[in-house]
Each structure stands twice: as structure tokens, then as C-alpha cells.
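In what follows, a single structure is set out as C-alpha cells and then discussed.
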Amino acid sequence: MKNAVDPLDLPADAATLATLRAAGVLDARAHAAAWAMLVRPPRWWRWVRRLLLGLGTCLVLAGAVFFLAYNWADLGRFAKLGLVQALLVGCAGAAWALGPTRLGGQLCLCGAALFTGLLLAVFGQVYQTGADVWNLFAAWTALALGWVLVADFPPLWIAWLALGSVTWSAAWQQALEGAQPRSHQEALFVGLAAIAVVGLVAYEVGRRRGLAWLADRWPRALLVLAVVGWLACPIFALIVDPGDSDLFGTASCLAYVGVLVLGDHLYRRRELDLPALAIGALSVCLLVVTLTGKLFFEMLIDRSSRDEWAWIAFMLLEGLVTLTVFALAGRGLLRLARASGEGAPNAGRAAGGGGTP
Amino acid sequence: MIDPRPSLRTVLERLAADGLATADVVAESARVLAAAPRRTPWYLTALTAIGAWLAALFLLAALMLLLNLVSTGKPPFLGIGVALVVAATFQGRTARTLFFAQGALAVSLAGQLTVLIGVGDAVHGASGIEDRLWISGAALAQAVILHFLYTQPLHRLLASLLALLTLVVMFAERRWDAATPLILKSYAGALALALAALGGGAWTREDLRPVGRAVGGALVVALCVIMDQGSGHGGGLGWSGGALLPGLGDPLGIVVGAALILVLLRAAGGPASVRREPVALALAGALALTLLTDAGVLTSVLLCVLGLAADDDLAWVAGGITLPFVLGHYYYSLQVSLLAKSGALAASGAVLLVAAAYLARRPWAREEG
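Chains as they are written, first to last, in the working numbering: chain A, 1 to 357; chain B, 358 to 726.
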């Protein structure tokens, strides 16, 4: 864990300058001069460039897809396949020309990944094979991996993992669910969590190896949210209706606990990541509130009579439990934040705004 | 990633070297910052807010059940609500632990909702419109009073948000028939202008930042309601019914566009900055967006620009998240053939790509990037 940081050594920001101005340390001229030193233009240009390139690429690709959809009935099968292949090759060529690891090239590779799926869909329409939809998604996921590996682009990785998740959901619905004697809803969530875990492990390994394109931390927060969220779903179901549980329910409980322990080790002891810890804490708080709600309901509420005092006691107890668990989680995170210097007045643009809630 | 901003120490030392601050400005700043309230990271604010909302709902349900059970006549919602708000204010000011601070937040939210229920109860029997006007007025008055009573930013944010969202709910009431879209759009326009006023510079004041965030959140919700109400008959966001140039016939879009231009001008340093090429180009882009798109797209861009101008990632992220949805809605509600739609999509995408290529070659872009 990092040691406490001197606020003076953190980047200057608008709010801190406003605090110093309000305290009379800086007069209007000094405040204006300091404001001018905040070196914001690179952020502006970086944002505008990403916005223009990202939106421009998405709109052109969407336009191409809509054009195909409009002319679909009039096109012969060679024209259909040829057009999509031309777009695919065009995207790949443009990515090669622009440089596959530069933003323009990366966006073209996103287009190539999209047209790979479209080509498979067109192929499936032209030559009807009767295959399930999940076959298409599985093939798309497998073939798009090549573009994903070349691009070194976190958004494309996340999109690819989302595609993998869709594949698993479709496979579970079309191939696995019917084959099971009982509906293993939990298996769906455990599978989705496993996909997110694979992504998270790959991300962490890449970061440990010092891959520069994995420097941003937002993919980690997103993946942690997916892992914890998918694993928590069957536990909520288990709490609400324990009778409907099976082996997968128990497995997801164990996996959830394991993920929390591992997450605590990784993101509290090895490399402090408070947003990741906060996501875990939120899931625990919600689970505790649900569990106690279920217990209090069973203890207090008699379904055969309308005892309003029991309902009042139930609501008050739940309110108290909610306050307690969220306050405990908040206190723990706040301590970590303070110790790492994140609570300092100028410790980050993303601060929630002001003092302790 | 390397943060391009200089450290506070560097900035202060440079000010002292330029004669704009005294020699002991660094020591003085350290003293002030040590005593200043410590900022809560956004994820902790979110966690606290979720917990407080949940707890407030439980408390409110218990309170309503209790009042229903013990009172023989009309329950005194208004008095109880005010009492809860007062108690929460006192508790919030004196709380030394997060538990009590969060409890104050929950009691306060429950109290504010009870006050509004009490106002609705008191004016019940008046006409539907008067009824809603009273509740809206009470919500606004309550938020203004609580802004001064509450010292904590999260209290201020939730109080402002509650009031502004109450107004959305009141104005979205379909009982006002034909006037409903006009009222809602006028409200959204007023929110956009308020956002421009707050974000143009005042957002850097810590006490107004929660209000600015609440206004931004309420604007997004108001636009969602307008979109929802318009979606039934292809109306979209504008008055022009999803025409190809909705900006020309959409006063709300023009108001949000004006807010965007105001924020850009303020962020650039005033009208004199128009002579600088990047500022002129940004204004031209904002003008083009105003003419070609709708209020939803403009609002997302406005939030992003505000986030960058006011150094507020929450606004920036909110704008970034909403942008794909409002763009999708914009193209979806275009009342043109699929062929024209595909042409519009590809052409606008190509224009953006050409603009990116052109801008990347400008000398200032190469210097900055």
C-alpha cells in the first residue's frame, strides 16, 4: 500500500485553487495565473480526437450495415458475400496502412471484427445450414480473436469478452438448458463470471508484464464488476428461494467468496485499487441486506395475519442493517483512501465532491 | 499514465517567482489544505448514496405504516417531515462517524419526501395543476433552504436532485395534455441554461458543484422523459418530428446549443478568444451540432465539455455514457428511408473522420498532442 501523500505534491486542480482562493491565500490575479497553468489543452485535444475518430468509425460502419440491410433483397448471393468481404478487407487494409496499434488502425480493426461476424451471418443466410445461433456467435468469437490480438486495444478486448458472454448465453439457452434434467440457471451466471475472470486474469498478467496499452484502470473496474455481479446473481436467487438451489448454487457461493478473498489480496495488499474494492464492498452490502431481509421476514412476518407492527419492525430493522453495513464498508474504504492520499483535497479529478458524506 | 498537470507545489512556486504570491505561499497553502475538508472519492460517494437511499426507503415505509396505524385523522406528514429534516440537519452537523453521517442522510431523504407528501396532502382537492405547482414550489424551496443548512456536498447533491427530479415528475404529468411537451421542454431548456451558468466558471466553487451535478442529472432524466413521451408518435426530441435537420425547428436544441457555446466561450477565456483557431473551430462545431442534431446529442456533448472545463470526471463520464444512446435515438427517429439513413450515417461518419485528419495536422494539435 502507498504511504500518505503530501497534497502539495499532487497535481494542481481547479477545486484546490478555488479552496486557496476562498481562504485568501491567492488573490484574483494569482488565481487566474494558476488556473492558466493547469495545462488542460492536451486533455481537450485528446478527447476531441478520440471522439471524432471513434464516432466517425462507428457511424461509417453503421451506415455500411444499413446500406446492406436496405439492399438485401435485391442483392445476389455473390454480391452479398462480396460486399461484406470487401468491407472486411478494406478495414484490415486500412488498419495495416494506419498502423494496427495506432488509434485509427485500432478502430479499423474494430470494423474488421464487426464485419467478420457480419460475413458469418451472411454466409449462414445464403447457405442455410440449420445451425443454432450460438454456433454463429462461437465462430465469430473465435475468428475475431485474431483482430483482437493484433489491436492492443482495451475497448476491443472488452467487446470481444462481451461477445464471448453472448455466445455462452446463447449456447446455454439453445444447447445446454434443454439437455439438463433441471434448469441450471446458476450455470449460466457461473459461466459468464468465468469469462470475465479469464479477461481479468489476462488483464492482470498483461499489466504485470508492463504492457503500456493496459495502463488504464477502467477495464479492471469493468471486469471486476462483471465477475462480482454475475457471481452474486445466483446467491441472491439462493437467498430468496433456497429450495430451488443445486450444485451450481453452492459452487457460485464458494466462487464468490474465493473471488472476494483473492480480490482483497490483489487490490488491497498488492496494488491498491479502491474502485475495485468498492465494487466488491457494494456487492457484499447488498447481499447482507438481502439475507437479513429474508431472515427478518421469516422471523417477524406472519403471512396469515396483517400485523402492521411487525411490518414496521421489519422496515426499521432493515433500515438499521442497511445503515450499518454500508457505513462499515464506507469506513473501511475511507481509511484506505486516506492512507493512500486519495482523500487529499486535490487528489483526483474524479472525487465525489467535497467532504465526508 | 503520466498526468500532464503540474503539481500544486510547482504552481505555487511559479506564482511566487512571478511575484503573484508571497514567498511563504507554499507553507500557507499547506496549512490551509491541512485544515480543509477532505474530499471523498467518487466511488465512496456512490456507495454512501446507494446505502442512504436504501435506508431512506425503509425508514419512509416504516414511518408511513406507523402514521397510518397511530393517527386517527389525517397524519401530520408536513410537521413530521420538517422535524425529520431538522433532526437530520443537526445530526449531520454533529456526526463524528460515518454511521451517523449516513443515518443523517437517510433520515434527511425520508424527511424531504415526507414534506413533499405533506404538501401534496395539504393541497389535495385543489385542481390537478395547482396541486403540482404547490409540490414543485415546495420541492424547490426545500432544496434552496437545505443547500444553506447542509454543509456536506452529498447532502446538497441529493437534496437538489430530489427537488429537480420532483419537478420532472410533476411536469411530465399527462393531465396537462397538449401543454405537457412544451412545459417539459421549457424546463429542460432552463436546466441547460442553469448548467451553463454553473459550469461556465461557478462550478469550480466547491459549494455549487453538487448543484451543478444535480442539474446535469435532472437534465438527462428530463430528456429521457421527453424522448419516452415522443417515441410513441415518432416525435423524438425536437418539434420537427425527427426531420433531417431537427436543429432548425427545435427550440430546445437551440437552447442547449446556446448553452454549449456559452460554456465553450467561458472555458476558452471569453469572447476575445474566438480569434484563436481551436476556439473558432470548436464554436463552429458546436453551431453545426446545434443545426444538425437534437437536444439529446447536444446535452451529452455539453456534459463532456463541462467535465473537461470544470475538471469534473463525473460530468465527463456521464456525457460519454449517454452519447451513444442519444446518437442512436437521433438516427433511429430520423423520418427517412433506410437508404437515406444509411447515407446520413456514412456521410456524417466520413465528415468526422475527415475533421479528425484535418485537425491532427494543425500546428496547435501537434504541439498539444
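From the three backbone atoms N, C-alpha and C, an ideal C-beta is built for every residue, glycine too.
- By the neighbour-count criterion, in which 16 or more other beta carbons inside 10 Å mark a residue as buried, W35(A) falls on the buried side.
- Judged by DSSP secondary structure, G626(B) falls outside any alpha helix (DSSP H); it is assigned neither H nor E.
- Identification of residues in the stretch 411 to 437 of chain B having a C-beta nearer than 7 Å to some C-beta of chain A yields L411, A412, F415, L416, A418, A419, L422, L423, L426, given in sequence order.
- For P7(A), the residues of chain B that pass the 7 Å Cβ criterion are L365, L390, in the order they occur in the chain.
- The beta carbon of G319(A) falls within 8 Å of a beta carbon belonging to chain B, placing the residue at that interface.
- Across the structure, G293(A) and L659(B) are spaced so that their CA atoms are roughly 42 Å apart.
- Within the same chain, and ignoring the five residues on either side of Y688(B) in sequence, the residues whose Cβ sits closer than 8 Å to its Cβ are K698, A701, L702.
- Counting only Cβ-Cβ distances below 9 Å, C110(A) has no contacts in chain B at all, with the closest Cβ about 13 Å away.
- In the three-state DSSP reduction, S543(B) falls in the helix class (H, G or I).
- In chain order, F66 make up the part of chain A whose C-beta sits under 7 Å from the C-beta of K698(B).
- Annotation for A495(B): V472, L473, V476 place their beta carbon closer than 8 Å to its own, counting only its chain and skipping 5 residues before and after.
- With a minimum length of 3 residues, there is no unbroken run of beta strand (DSSP E) contained wholly in the stretch 232 to 304 of chain A.
- Taking V224(A) as reference, the option from S283(A), N71(A), A64(A), W134(A) with the minimal CA-CA separation is S283(A).
- In this structure, the CA atom of Q185(A) is about 10 Å from the CA atom of A237(A).
- A387(B) and L8(A) do touch by the CB rule: their CB atoms are close to 6 Å apart, below 8 Å.
- Against R29(A), the close residues of chain B are L377, in the order they occur along the chain (beta-carbon pairs closer than 7 Å).
- Nearest in C-alpha terms to T101(A), of all of L61(A), L161(A), W213(A), is W213(A).
- For the options V228(A), I312(A), L300(A), the alpha carbon positioned closest to that of V190(A) is the one of V228(A).
- Distance from W134(A) to A170(A) at the Cβ level is roughly 4 Å; contact confirmed, criterion being Cβ atoms closer than 8 Å.
- Membership of G191(A) in the alpha helix (DSSP H) is indicated by the continuous run 185 to 208.
- Sequence-ordered contacts of the stretch 445 to 469 of chain B with chain A read L455, F456, A458, Q459, G460, L462, A463 [C-beta pairs closer than 7 Å].
- Along the stretch 395 to 410 of chain B, the positions whose C-beta sits under 9 Å from a C-beta of chain A are R395, R396, T397, P398, W399, Y400, L401, T402, A403, L404, T405, A406, I407, G408, A409, read in chain order.
- In its chain, beyond the 5 residues on either side, E186, P234, L238 have a beta carbon closer than 7 Å to the beta carbon of G249(A).
- Per DSSP, reduced to three states, the secondary structure at S428(B) is coil, with no helix or strand assignment.
- Scanning chain B for C-beta atoms nearer than 7 Å to the C-beta of W311(A) yields L422, reported in chain order.
- The shortest C-alpha to C-alpha distance from L490(B) to any of V631(B), M527(B), C581(B) is the one to M527(B).
- Contact between R220(A) and D273(A) holds, with the beta-carbon distance rounding to 6 Å and staying under 8 Å.
- Excluding its 5 nearest sequence neighbours in each direction, V631(B) has C-beta neighbours in its own chain below 6 Å: A637, listed in chain order.
- For P11(A), DSSP records a beta bridge to S364(B).
- DSSP lists no beta-bridge partner residue for P608(B).
- Residues Q448 of the same chain have their beta carbon placed closer than 7 Å to that of G460(B), with the five preceding and five following residues left out of the count.
- For L291(A), no Cβ of chain B is located within less than 8 Å of the residue's own Cβ.
- Residue-level contact by beta carbon holds for E385(B) and chain A, with a gap shorter than 8 Å.
- By the Cβ criterion, the stretch 398 to 408 of chain B is not in contact with the stretch 57 to 75 of chain A, since fewer than three pairs of Cβ atoms, one from each stretch, lie closer than 8 Å.
- Taking C-beta atoms under 8 Å as the contact rule, L663(B) and G556(B) qualify, at a distance of about 4 Å.
- The beta-carbon separation of W160(A) and V148(A), rounded to 5 Å, stays under the 8 Å limit for a contact.
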